[in-house]
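Each step along the sequence shown adds one to the number in our numbering, with nothing skipped, and position 1 is 1.
We treat Cβ as the ideally placed atom computed from N, Cα and C, and that holds for glycine.
Everything numeric in this text was worked out from a predicted model, so none of it was measured.
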Amino acid sequence: MIIVLAKFRLWVFLVCLDAHLFHQKVSTFLITVESSV
């Protein structure tokens, strides 16, 4: 049970990290687009 919980927490952490990195990429992209316009 503890192993399953640990795996779930790791999965949640990775998903949150991935979402954070994706958000950074989108923000950078939008700033670049605004600068070039």
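Residues near residue i by beta carbon distance below 6 angstroms, same chain, minus five either side
i: Ser36; result: none
i: His23; result: none
Own chain partners of residue i with C-beta closer than 8 angstroms, once the 5 adjacent residues on each side are dropped
i: Leu5; result: none
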